[in-house]
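Number of protein chains: 2
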Amino acid sequence: MPYPKAAMTVDGPRGEPGRPPRSTTRDLERYAGLFATRTQGLRSSAMRDLMAVTARPEIISLAGGLPDTSTFSPALLGSLMRTVAEEASARALQYGPTEGLEEVKACIVEVMAEEDMRVDPDDLLVTAGGQQVIDLVCRTLLDPGDVVIAEGPTYPGAVPSLLAFQADVRQIPTDDDGMRIDALEETLAGLDREGRRPKFIYTIPSFQNPGGMTMSLERRRRLVAIAREREVLILEDNPYGLLRYEGDPQPTLRSLDGGDYVIYLGTFSKILSPGLRLGWTTAPRPILDKLNVGKQGADLCSSTFGQHFVAAYFAAQDWRAYLGTLVALYRRRRDAMLAALDEHLPPEATWTRPRGGLFIWARLPDYLDTTDLLARALREQVAFVPGRAAYLDGRGGSELRLNFSGVTEEDIHEGVRRIGRIVGEQVAMYSTLTGLEPVRPVSRETGDSAGGAGRVVPFHVKRRAG
Amino acid sequence: MPYPKAAMTVDGPRGEPGRPPRSTTRDLERYAGLFATRTQGLRSSAMRDLMAVTARPEIISLAGGLPDTSTFSPALLGSLMRTVAEEASARALQYGPTEGLEEVKACIVEVMAEEDMRVDPDDLLVTAGGQQVIDLVCRTLLDPGDVVIAEGPTYPGAVPSLLAFQADVRQIPTDDDGMRIDALEETLAGLDREGRRPKFIYTIPSFQNPGGMTMSLERRRRLVAIAREREVLILEDNPYGLLRYEGDPQPTLRSLDGGDYVIYLGTFSKILSPGLRLGWTTAPRPILDKLNVGKQGADLCSSTFGQHFVAAYFAAQDWRAYLGTLVALYRRRRDAMLAALDEHLPPEATWTRPRGGLFIWARLPDYLDTTDLLARALREQVAFVPGRAAYLDGRGGSELRLNFSGVTEEDIHEGVRRIGRIVGEQVAMYSTLTGLEPVRPVSRETGDSAGGAGRVVPFHVKRRAG
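Top to bottom, those sequences are chains X and F.
Residues in the first sequence are numbered consecutively from 10, following my numbering.
Residues in the second sequence are numbered consecutively from 10, following my numbering.
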């Protein structure tokens, strides 16, 4: 211990008498005055907090947004990294260009081509996952109070970025065809009257997180047309487009727009690995340049170590084959979850039937609060994301998000059974207390769905008073 | 190509007549109105731009801040990743907790202990390199116009973050003992008169980037005392503390302060690999919590893939032995650069003599502009960082940063020779044009240094009129 100890009395500046150091009690008050305004109201994402709780192995977590990384061959991981070590060790361990490695951009060009998009590698910026794109876009475009349009519900992970950059977020209602463009137009007209225009429209058009719904082609065309007409940017978040279990592929907004008003976000997280923290964006060049400068400040560059792994993987393997494995697996798990929901949730609940992606969104009767329910669920060793996490205005209180990609079929069934029992008890208790049937039960045989399969009722189209 | 094409005429909202899409010419003007105020004046870091230019192998780049990653055994990289693959493949490819993996926190505790710091793993946040800490601290603490104190010169990579969060940066002059605390006190007194107080004091006390100087123990104590007295936070950036080539270790500000007012930044970039993009921070708990929320928005978590590599490395290897290799290598390169500067730079130039770290900072006569000089240097296939990159107010025009860690001794000698020739020509031209000796030449034999070795004159203590 060659280090001198800190003086126990402190010399004040300019010869003022010293005073002893303050107590080391670390109270929020001492630092409270130092925080930026942007951190007020910033709360830890419900999802991230849940992630910590649900890391315990005894919990069946339907809360995560986790791909099943156990499907990736450990032997392949080992051999790919041996290749990286032999061919590029010093480069893989070194800093890289902010925009990303050319080899990785070539992989991205391939992935985007799979959804019929053509992109010049010079128009790409490799990022720390899709999350960083959302954050950099907010950082680059938002002054405090600027309006951002988002879907309701929206990706819970976008909330900390939107709040940090003090966005005035207007959430547009959704239905089974995605964002309701009629409601968007009403909102835009209202903003016109206020003399305001949104900085960008944030959307996950395909297999939305958390809603599970997919924007129809007609709405995609209208949305792109509105963006052009009004010169408003769209941030298209497309992590799940290739995880399609049924139905025809829809063109991305970027392919419809050609890239004039669409900032596109892609990621390796769902087709390869989220642990690499590698995603990308392509945007109109002046915006891309600003995003690049933002990234220089944020982290200099994305992990070259991970980028070399991606490049080695695409060079050695058929990434589409692995994607096919994931699609087949997640399709079975989605089907398992839909079957379990049908079996275990009381007739008062409704949920979406996603044609791809990772999530099902369920709605319980209005008198149930899913945040309260979660505490109960955790005691029963099962977790979900409460719906409020997907809204910035306190809505979503009776809704919840369920993930099926990261959980075995057995755990899906057991997890949903537990949730169903808790919900059933609450519904029964409500009935007993009020002496009322809470809502008209749906016939097991016929359902009242507008075209859904059996009781799989898209909640968005189910109209209820209140 | 199953995708429908975008309509060529566009339906306007609310039934307005459509109009054809605009030209796809991507002009800055179209998007200019959309950028956040914070992006005004934001420029690409000179260092990052240089990095792109100097990636060409024919260029001898003394511009980077690169460790020599070729010293890390490729075979070891391969075998460590085989271990990761065998023992933790699915976890290494998965999302992780925002605060970082416990295994990595244990490594950080070890590294910090090496500089006599004790830290509770719960007080650590694993970040995307040290850069992300700077950025998250700015994001968490700065409202537009808030004052930040920094050294002059300061780390060029901090500039994009400081500008992005609209800091009012006051740079305090430095000398061979680091930040001049008398000048700091003057600045603080001036701020008092304005009724302002800085949000934090940003400093790299040991082997500063870019200056190469190290803060004396007395100044460290005074700085920590001032922080306590005034309840001002310090951001201590310490990437190089363990890269010490001579002299006694100095206690970190964090160890002197105990962590009440010091936010500490460490990184694996210089002791292992920057390509992993892994660093860390420890801070008073209320601040750490806010930094964590900021990181959730920024990128969810740091690369678990890279974190597993770090954990495997620390488990399998003696990291201090590798550090010892780096120290021995970089010491030789520092000595080579000092010798080359002595041989090739004209007597009008002065430079620092760092006792550790990666950089030497040189000052040329005031009539030379190192930004102009760089263009000439690049034609001669050699690069450095012009001094203006290290100031926010245009100062530093006749200064430059030279890196010795990432370049062979041979290239150091040749690179400095080329720079010396260019500088010599410019000095001679100036003499010819003005008919004057530009400054009094320093005797080769005696020097006029205040205690330096031969002509190694710490420019900070050399007083010149103007």
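Just so you know, even glycine gets a beta-carbon here, dropped at the ideal spot from N, CA and C.
{"Item": "With DSSP as the reference, please indicate the residues paired to residue 78 of chain F in a beta bridge.", "Value": "According to DSSP, residue 78 of chain F bridges with nothing at all."}
{"Item": "Let me make sure I understand the geometry here. Which of X:411, X:287, X:392 and X:402 has the alpha-carbon closest to that of residue 64 of chain X?", "Value": "X:392"}
{"Item": "Determine the chain X residues that contact residue 128 of chain F at a beta-carbon separation under 7 Å, and present them in chain order.", "Value": "Here the premise fails: no neighbours, minimum Cβ distance about 14 Å."}
{"Item": "Would you list the residues sitting across from residue 187 of chain X in a DSSP beta bridge?", "Value": "X:184"}
{"Item": "For residue 74 of chain F versus residue 218 of chain F, is the C-beta spacing smaller than 8 Å?", "Value": "yes"}
{"Item": "So, does the CB of residue 177 of chain F fall closer than 8 Å to a CB anywhere in chain X?", "Value": "no"}
{"Item": "Excluding the 5 residues flanking residue 103 of chain F on each side, which residues of the same chain have their C-beta closer than 8 Å to its C-beta?", "Value": "313"}
{"Item": "Any contact of the segment 148 to 166 of chain F with the segment 207 to 224 of chain F, i.e. 3+ C-beta pairs under 8 Å?", "Value": "yes"}
{"Item": "By alpha-carbon positions, which one of X:425, X:134, X:370 and X:361 ends up nearest to residue 387 of chain X?", "Value": "X:425"}
{"Item": "Between residue 180 of chain F and chain X, is the shortest Cβ-Cβ distance under 8 Å, so that the two count as touching?", "Value": "no"}
{"Item": "One question on the structure: do residue 290 of chain F and residue 270 of chain F come within less than 8 Å of each other, judged by their Cβ atoms?", "Value": "no"}
{"Item": "Note down the Cα distance separating residue 321 of chain F from residue 250 of chain X, rounded to an integer number of angstroms.", "Value": "35 Å"}
{"Item": "If you reduce the DSSP assignment to three classes, tell me which class residue 242 of chain X lands in.", "Value": "strand"}
{"Item": "Is the shortest distance between the beta-carbon of residue 210 of chain X and the beta-carbons of chain F less than 8 Å?", "Value": "no"}
{"Item": "Applying the criterion that 16 or more other CB atoms from any shown protein chain within 10 Å of the CB defines a buried residue, is residue 47 of chain X buried or exposed?", "Value": "buried"}
{"Item": "Quick one: is residue 359 of chain X buried, meaning 16 or more other Cβ sit within 10 Å of its Cβ, or exposed?", "Value": "buried"}
{"Item": "Nearest by alpha-carbon distance to residue 334 of chain F: which of F:115, F:253, F:225 and F:319 is it?", "Value": "F:253"}
{"Item": "Between residue 450 of chain F and residue 382 of chain F, what straight-line distance do the alpha-carbon atoms span, to the nearest angstrom?", "Value": "Below a pLDDT of 50, predicted positions are generally treated as unreliable, and residue 450 of chain F, at 44, falls in that range; no measurement from the model is reported."}
{"Item": "Taking Cβ positions, are residue 190 of chain F and residue 170 of chain F nearer each other than 8 Å?", "Value": "no"}
{"Item": "By DSSP, does residue 164 of chain F sit in helix, in strand, or in coil?", "Value": "coil"}
{"Item": "Is it true that the CB of residue 364 of chain X sits closer than 8 Å to the CB of residue 276 of chain X?", "Value": "no"}
{"Item": "Quick one: grab the DSSP three-state call for residue 5 of chain X.", "Value": "Any question about residue 5 of chain X goes unanswered here, given that chain X covers just 10 to 475."}
{"Item": "For the segment 271 to 292 of chain F, which residues have a CB atom closer than 7 Å to at least one CB atom of chain X, in sequence order?", "Value": "282, 283, 284, 285 and 286"}
{"Item": "How long is the line joining the alpha carbons of residue 127 of chain F and residue 423 of chain X, rounded to whole angstroms?", "Value": "45 Å"}
{"Item": "Can a CB atom of chain X be found closer than 8 Å to the CB of residue 456 of chain F?", "Value": "Low confidence applies to residue 456 of chain F: its pLDDT is 32, below 50, so where it sits in the model is not reliable enough to give any reading."}
{"Item": "For residue 139 of chain X, I'd like the list of residues in its chain whose CB is within less than 8 Å of its CB, leaving aside the five on either flank, ordered along the chain.", "Value": "246, 248, 274, 275, 276, 278 and 288"}
{"Item": "At 3 residues or longer, what runs of the beta strand (DSSP E) sit wholly inside the segment 286 to 339 of chain F?", "Value": "288 to 291"}
{"Item": "What residue does the beta strand (DSSP E) around residue 9 of chain X start on, and which one ends it?", "Value": "This structure cannot settle anything about residue 9 of chain X, because the visible part of chain X is limited to 10 through 475."}
{"Item": "Residues in the same chain with beta-carbon distance under 6 Å from residue 295 of chain X, minus the five sequence neighbours each way, listed in chain order, please.", "Value": "none"}
{"Item": "Taking the beta carbon of residue 49 of chain F as the centre, do at least 16 other beta carbons fall within 10 Å, making it buried, or is it exposed?", "Value": "exposed"}
{"Item": "Thinking C-alpha only, which one of F:221, F:227, F:182 and F:236 is nearest residue 40 of chain X?", "Value": "F:236"}
{"Item": "Under 8 Å Cβ-Cβ, which residues of chain F neighbour residue 45 of chain X?", "Value": "148, 149, 150, 151, 152, 155 and 174"}
{"Item": "Any idea if residue 87 of chain X is buried or exposed, counting beta-carbon neighbours within 10 angstroms, 16 or more meaning buried?", "Value": "buried"}
{"Item": "For residue 323 of chain F, I'd like the list of residues in its chain whose CB is within less than 6 Å of its CB, leaving aside the five on either flank, ordered along the chain.", "Value": "116"}
{"Item": "Over the uninterrupted beta strand (DSSP E) stretch that includes residue 212 of chain F, give me the two end residues.", "Value": "209 to 212"}
{"Item": "Interface residues of chain F around residue 162 of chain X at Cβ under 9 Å?", "Value": "Chain F residues near residue 162 of chain X: none, gap ~18 Å exceeds 9 Å."}
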